[in-house]
Amino acid sequence: MGLAAGYEAWIITVGNEVLIGRIVNTNAAWLGKKLTLLGYRVRREITVADELEDIAWAFKMALDSKARVIISTGGLGPTFDDKTAEGLARAVGKELEINEEALAMVKEKYESKGMKLTEPRIKMAKLPKGAKPIPNPVGTAPGIHVSMNRYDIFSLPGVPKEMQAMFEEYLEPFLKKIMPHVIFVERAIRSYGIPESEVAPLIEHAMRQGKRVYIKSHPKGAELGEPILEFHLTASGDNEEEAREELNRVLSILLQELRNKCAKVEVL
Numbered sequence: 615m616g617l618a619a620g621y622e623a624w625i626i627t628v629g630n631e632v633l634i635g636r637i638v639n640t641n642a643a644w645l646g647k648k649l650t651l652l653g654y655r656v657r658r659e660i661t662v663a664d665e666l667e668d669i670a671w672a673f674k675m676a677l678d679s680k681a682r683v684i685i686s687t688g689g690l691g692p693t694f695d696d697k698t699a700e701g702l703a704r705a706v707g708k709e710l711e712i713n714e715e716a717l718a719m720v721k722e723k724y725e726s727k728g729m730k731l732t733e734p735r736i737k738m739a740k741l742p743k744g745a746k747p748i749p750n751p752v753g754t755a756p757g758i759h760v761s762m763n764r765y766d767i768f769s770l771p772g773v774p775k776e777m778q779a780m781f782e783e784y785l786e787p788f789l790k791k792i793m794p795h796v797i798f799v800e801r802a803i804r805s806y807g808i809p810e811s812e813v814a815p816l817i818e819h820a821m822r823q824g825k826r827v828y829i830k831s832h833p834k835g836a837e838l839g840e841p842i843l844e845f846h847l848t849a850s851g852d853n854e855e856e857a858r859e860e861l862n863r864v865l866s867i868l869l870q871e872l873r874n875k876c877a878k879v880e881v882l
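Position in the sequence shown counted from 1, then plus 614, gives you our numbering.
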């Protein structure tokens, strides 16, 4: 199965630290895998500096393309160089304004920690007019969802744990809903006696052997005590038979890898 059937997607990364090589752009790689699994064709990945003109340019480039979905990461924090919201507003021709729903999200986060709502923190509630805030279950900065014409644009924080949680809780259900004719199948297994730190390369190897298959591990026991892990495998395809065949093939590889490590494994 090729990747030509789905909608096109663009990924935009905002951050000087990525451009100068201080950090590796793991966000783009993670998003690329997830979008491909969901049936989208990732056509471009652009990294730009924390400069308003560069950010607006990247969004405009994506809007001028055939992309159905545009996802950016980075630049949503409270500091002076966090300019993604403003760049997005400029690209879509909207004013930047305080979004009351986003403000309530930010306020609740800080007040729950006994902290005041300062001007830099209020800045995180400024969204393009008409945008929807995306809840952040891990951090403080809400994401941004702009729907216009045939586009859906999402801006997420650059912190990987925040970005991934927001994608899985908000974006993924939405992206599944708008993607036509893609079937998803799932399987789960549980392992005993092998810590999560040792299975990371096994998961990566197994995923590389398949197309549109994603594996996520969930620790259920102590890493250094009696480690128990649950693995959730998801595959997508144009029909159930195709997706299930690919899932089972990758599952067999993962099971063998785990057993080679002398782990006890059960299929759930």
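Ideal Cβ positions, reconstructed from N, Cα and C, are used throughout, including at glycine.
**Study point:** Cβ-Cβ distance between GLU855 and LYS825 below 8 angstroms
**Key:** Counting from one through the sequence shown, the residue named residue 855 turns up at place 241. Counting from one through the sequence shown, the residue named residue 825 turns up at place 211. Not in contact: GLU855 and LYS825 (Cβ atoms no closer than 8 angstroms).
Review point. How would you label GLU776, buried or exposed, when you count the other beta carbons within 10 angstroms and need 16 or more for buried?
Key: For the purposes of this step, residue 776 is taken as residue 162 along the sequence shown, with counting starting at 1. Buried.
Exercise for review: Work out the CA separation of GLU818 and LYS737 for me, nearest whole Å.
Suggested key: Here residue 737 refers to the residue found at position 123 of the sequence shown. Here residue 818 refers to the residue found at position 204 of the sequence shown. Between LYS737 and GLU818, the C-alpha separation is close to 38 angstroms.
Point to revise | Rounded straight-line distance, which links the Cα of VAL683 to that of ALA622 | key: Reading the sequence shown from its first residue, position 8 is the one you call residue 622. Reading the sequence shown from its first residue, position 69 is the one you call residue 683. Residue identity check: residue 622 is Glu in the sequence provided, not Ala. Answer to the nearest angstrom: the Cα atoms are 7 angstroms apart.
**Study point:** Closest by C-alpha distance to LYS878, when choosing among ALA849, ALA820, PRO809, ALA814
**Key:** If you number the sequence shown from 1, residue 878 lands on position 264. Per the Cα distances, PRO809.
Check your understanding: When we look at the beta-carbon of PHE694 and count the other beta-carbons within 10 Å, is it buried (16 or more) or exposed?
Key -> Looking up residue 694 in the sequence shown gives position 80. It counts as exposed.
Exercise for review: Please classify ASP664: is it buried, with 16 or more other beta-carbons within 10 angstroms of its beta-carbon, or exposed?
Suggested key: Translated into the one-based positions of the sequence shown, residue 664 becomes position 50. Flag for ASP664 reads buried.
Review point. How many Å lie between PHE845 and PRO756 at the Cα?
Key: Against the sequence shown, residue 845 aligns to sequence position 231. Against the sequence shown, residue 756 aligns to sequence position 142. Going from the Cα of PHE845 to the Cα of PRO756 covers about 29 angstroms.
Check your understanding: So what does DSSP say about PRO742, is it helix, strand or coil?
Key -> Here residue 742 refers to the residue found at position 128 of the sequence shown. If DSSP states are grouped into helix, strand and coil, PRO742 belongs with the strands.
Point to revise | When GLY701, GLY691, PRO692, LYS697 are compared against LEU677, the one with the closest alpha-carbon | key: As a first step, residue 677 is located in the sequence shown; it is residue number 63 there, counting from the start. The residue with the shortest Cα to Cα distance from LEU677 is GLY701.
**Study point:** Span of the alpha helix (DSSP H) around TYR883
**Key:** Residue 883 lies beyond the stretch modelled for the chain, which goes from 615 to 882, so this question has no answer here.
Point to revise | Residues near MET790 by beta carbon distance below 8 angstroms, same chain, minus five either side | key: Position 176 of the sequence shown, counted from the first residue, corresponds to residue 790. According to the sequence shown, residue 790 is Lys rather than Met. The beta carbon of LYS790 sits closer than 8 angstroms to those of LEU652, VAL796, PHE798, all from its chain and outside the five residues before and after it, given in chain order.
Point to revise | First through last residue of the alpha helix (DSSP H) which encompasses VAL813 | key: For the purposes of this step, residue 813 is identified with residue 199 of the sequence shown, where counting begins at 1. Counting along the chain, the alpha helix (DSSP H) containing VAL813 begins and ends at 810-822.
**Study point:** Proximity of LEU710 and LYS740 at Cβ, strictly below 8 angstroms
**Key:** Reading the sequence shown from its first residue, position 96 is the one you call residue 710. Reading the sequence shown from its first residue, position 126 is the one you call residue 740. Yes, the Cβ-Cβ distance between LEU710 and LYS740 is below 8 angstroms.
**Study point:** Cβ-based neighbour list, ARG735, same chain, cut-off 7 angstroms, excluding 5 preceding and 5 following
**Key:** Position 121 of the sequence shown, counting from 1, holds the residue named residue 735. For ARG735, where only same-chain residues beyond five positions count, the Cβ hits under 7 angstroms are PRO692, VAL720, TYR724.
Check your understanding: Which one of THR640, GLN778, ILE767, ALA716 has the shortest CA to CA distance from VAL706?
Key -> Indexing the sequence shown from 1 puts residue 706 at position 92. The shortest C-alpha separation from VAL706 is found at ILE767.
Review point. CA-CA distance, LEU847 and VAL752?
Key: For the purposes of this step, residue 847 is taken as the residue at position 233 of the sequence shown. For the purposes of this step, residue 752 is taken as the residue at position 138 of the sequence shown. Spanning the two alpha carbons is a distance of roughly 23 angstroms.
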